[in-house]
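Have a look at the structure below before the remarks.
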Amino acid sequence: NAGVTQTPKFRVLKTGQSMTLLCAQDMNHEYMYWYRQDPGMGLRLIHYSVGEGTTAKGEVPDGYNVSRLKKQNFLLGLESAAPSQTSVYFCASSRAASPSGELFFGEGSRLTVL
Amino acid sequence: DQQVKQNSPSLSVQEGRISILNCDYTNSMFDYFLWYKKYPAEGPTFLISISSIKDKNEDGRFTVFLNKSAKHLSLHIVPSQPGDSAVYFCAASGRNTDKLIFGTGTRLQVFP
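Which chain is which? The protein sequence lines are A and B, in order. Going by the numbering used here, the first residue of the first sequence is number 158, and it counts up by one from there. Going by the numbering used here, the first residue of the second sequence is number 0, and it counts up by one from there.
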């Protein structure tokens, strides 16, 4: 039971570099989300998707792009990384939208931007 | 503008005693509330939820209370166990929304 898998789990970037975080879920969930967790800020929604081929902005979308080309995958991209994007990133998926859809989270990806 | 607030960043409780974690919200459109639990180096996991049509929901040692007029909910853990030591996030969602809004989290430590 893989559930929600995030890769990579750790990454160090220099300011201005680009990277992509990959989220894969094997539960056939329609909804997928990217959150970031920062000290004192809790979990903040970056972008989300309500189905294959769709994306929408969350609370803190600036500096990030996403794509959902396949139902099972949700990619989070940083085109030009900034130190303010140092964070722990969590992907989640759910069968349905809130409130009925319980979120299942991945283990997180720790990103450091120098 | 934090719509869901957990004003206590940490809480320390002795094993066997009650742990009470609090959460306040500002958006009156929220009608479903959840608690998630997170251990270090793991993703959050769902713990318990409550709909706005109820004022209490119980699941074993965990009970969530909702006070709609005060826009306040609380999670009670009785009796507390060392394995309950984790960060607890309150979350809320509303009608016609696909999003779950999380609070800032409360770190609970249960000591022997």
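Positions of the beta carbon are idealized from the N, C-alpha and C atoms, including for glycine.
- Proximity to B:Tyr35 across B:Ala91, B:Phe110 and B:Pro111 peaks at B:Ala91, based on C-alpha coordinates.
- Residues of chain A whose Cβ lies closer than 7 Å to the Cβ of B:Gly104 are, in chain order, Gly199.
- Contact check for A:Gly265 against B:Gly42 passes: the beta carbons are separated by less than 7 Å.
- Across the structure, A:Leu260 and B:Asp83 are spaced so that their CA atoms are roughly 20 Å apart.
- Contact between A:Tyr190 and A:Ala253 fails: their C-beta atoms lie close to 13 Å from each other, not under 8 Å.
- As summarised for the region 5-43 of chain B, the continuous beta strand (DSSP E) elements at least 3 residues long and confined to that stretch are 9-13, 18-24 and 29-37, given in chain order.
- Burial is judged here by how many other beta carbons sit within 10 angstroms of a residue's own beta carbon; A:Leu226 has fewer than 16 and is exposed.
- Within the region 22-54 of chain B, those residues whose Cβ lies closer than 9 Å to any Cβ of chain A are, in chain order, Asp30, Tyr31, Phe32, Leu33, Tyr35, Lys37, Ala40, Glu41, Gly42, Pro43, Thr44, Phe45, Ser48 and Ser50.
- Ranking B:Phe61, B:Lys37 and B:Asp30 by CA distance to the CA of B:Lys53 puts B:Asp30 first.
- When Cβ-Cβ separations below 7 Å define contact, A:Gly263 makes contact with chain B.
- Judged by DSSP in its simplified three-state form, A:Ser175 adopts coil rather than helix or strand.
- Near chain A, meaning a CB-to-CB distance below 9 Å, no residue of the region 59-84 of chain B qualifies.
- For B:Ile76, the enclosing beta strand (DSSP E) stretches over residues His71 to Ile76.
- If you keep only unbroken beta strand (DSSP E) runs of at least 3 residues inside the region 212-246 of chain A, you get 222-224 and 230-235.
- Think of a sphere of 9 Å around the beta carbon of A:Leu202: the chain B residues whose beta carbon falls inside it are Lys98, Leu99, Ile100 and Phe101, in chain order.
- The beta-carbon distance between B:Thr103 and B:Lys4, rounded to whole angstroms, is 7 Å. This is short enough to meet the 8 Å contact definition.
- The three-state reading of DSSP puts B:Asp83 in helix, counting H, G and I together.
- For the pair A:Thr177 and A:Gly234, the CB atoms are nearer than the 7 Å cut-off.
- Of A:Ala239, A:Tyr221 and A:His204, the smallest CA-CA separation from B:Lys98 is found for A:His204.
- For B:Gly15, the closest alpha carbon among the candidates B:Val77, B:Arg106, B:Lys67 and B:Leu107 is that of B:Val77.
- Boundaries of the beta strand (DSSP E) harbouring A:His204: Gly199 to Ser206, taken from the DSSP string.
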